[in-house]
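S.K.: Below are the structure tokens for one structure; questions will follow.
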Amino acid sequence: MKKKSYVIITETGIHARPAAGLVKVASKFSSTIQIEKNERKANLKSILGVMSLGLGKGQSFSIYIDGEDEEEVLQELDQFLKSEGLVEI
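The opening residue of the sequence shown carries number 688 in the working numbering; numbering runs sequentially from there.
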């Protein structure tokens with residue numbers, strides 16, 4: 688299992704468009720992928736799950752990846768989060 692934590696730097700947080708992008712990236716893989724904020728976890732392959740966490744600027748969150756392709760998942764999620772300017776990596 689892989690885990691990585693991030694802090695959101697964008698003014699608008701993770702709103703609908705970047706949440707949809709995260710879900711799109713996560714859905715390409717077979718691993719189980721969860722996102723957690725304040726000990727509350729959601730499926731990263733579900734936009735409703737991601738949006739329900741209410742991820743705003745300055746808040747931290749973690750991503751948990753469990754499966755055969757966890758390294759590739761982590762690399763693509765890192766790339767997406769960085770390219771969208773959502774977090775510093």
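Just so it is clear, CB atoms sit at the ideal spot from N, CA and C, and this is done for glycine as well. Predicted, not measured: the structure shown is a model, and the values here were computed from it.
For E723, name the three-state secondary structure that DSSP assigns.
M.R.: Strand.
S.K.: So the candidates are E726, K724, K715; which of them puts its Cα closest to the Cα of K732?
M.R.: With distances taken between Cα atoms, K732 lies closest to K715.
S.K.: Compare the Cα-Cα distances from G772 to each of I734, I701, S692, E723 and report the closest residue.
M.R.: Answer by Cα proximity: I701.
S.K.: Would you say S692 and S770 are within 8 angstroms of each other, going by their C-beta atoms?
M.R.: Not in contact: S692 and S770 (Cβ atoms no closer than 8 angstroms).
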